Amino acid sequence: MSIDDDVALLECVPTLRLLGDASLRMLAIGSEQRDFVRGDILFNLGDDADAGFVVQRGAFRVDDGAGAEMIAGPGTLIGELALVVPMKRPSGAVALEHSSVIRVARSLFQRVLESDPAAAVRLRDEFAIRSSQIASDILMAGSKLST
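Under full-length UniProt numbering, the first residue of the sequence shown carries the number 1, and numbering increases by one thereafter.
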């Protein structure tokens, strides 16, 4: 895939779309592509998380080890929080078929945000909105459980 193809794919990811074209181009240029065959492990539960992965093609099963799982297909960002904070992987991910990802290192992502303060503000605002929504959802669920 070309840099332009990678930029177009990154633009499909809601979180990354907030960054804007120049920042997406920097991410596409600085990121690396990785290929997987069926059964290859993208990462394991508990691994140090230093990057996010955007699925280019194929699919990955993302499993938290406690029964919750999802299938991540093209255009899905796996490991979003790893782009902004050091953490352990809360799940594992395995390729379900021949697949490829764009690996976005946290260090690259942070350099992009430092070079584009307006993009960093847009991203911060999005995370604040999501956090508020999650808190509201938890309160709603709690009130339904206590009745």
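Don't be surprised by glycine CBs; every beta carbon is placed ideally from N, CA and C. In this text, all values refer to a predicted model and were calculated from it rather than measured experimentally.
Buried versus exposed, by CB contacts within 10 Å (16 or more), residue i
i	result
Asp-2	Residue identity differs from the one stated: residue 2 is Ser in this sequence, not Asp. Ser-2 is exposed by the Cβ-count criterion.
Arg-38	exposed
Ala-22	exposed
Leu-145	exposed
Gly-58	buried
Val-121	exposed
Asp-6	buried
Val-13	buried
Beta-carbon proximity of residue i to residue j, cut-off 8 Å
i	j	result
Ile-102	Gln-56	yes
Leu-45	Val-112	no
Phe-60	Ala-51	no
Gly-79	Ala-49	yes
Val-104	Leu-27	yes
Cβ-based neighbour list, residue i, same chain, cut-off 7 Å, excluding 5 preceding and 5 following
i	result
Phe-43	Arg-89, Gly-92 and Ala-93
Glu-11	Arg-17 and Leu-24
Extent of the continuous beta strand (DSSP E) run through residue i
i	result
Ala-105	99 to 105
Gly-142	From DSSP, Gly-142 is part of no beta strand (DSSP E) but of the alpha helix (DSSP H) over 117 to 145.
Contacting residues, own chain, Cβ-Cβ under 8 Å from residue i (five flanking each side not counted)
i	result
Asp-35	His-98, Ser-99 and Ser-100
Ala-82	Ala-49, Asp-50, Ala-51, Gly-52, Arg-89 and Arg-106
Ala-135	none
Leu-96	Arg-38, Gly-58, Ala-59, Phe-60, Arg-61 and Ile-71
Own chain partners of residue i with C-beta closer than 6 Å, once the 5 adjacent residues on each side are dropped
i	result
Ile-41	Val-94
Thr-76	Val-55
Terminal residues of the alpha helix (DSSP H) in which residue i lies
i	result
Arg-25	21 to 30
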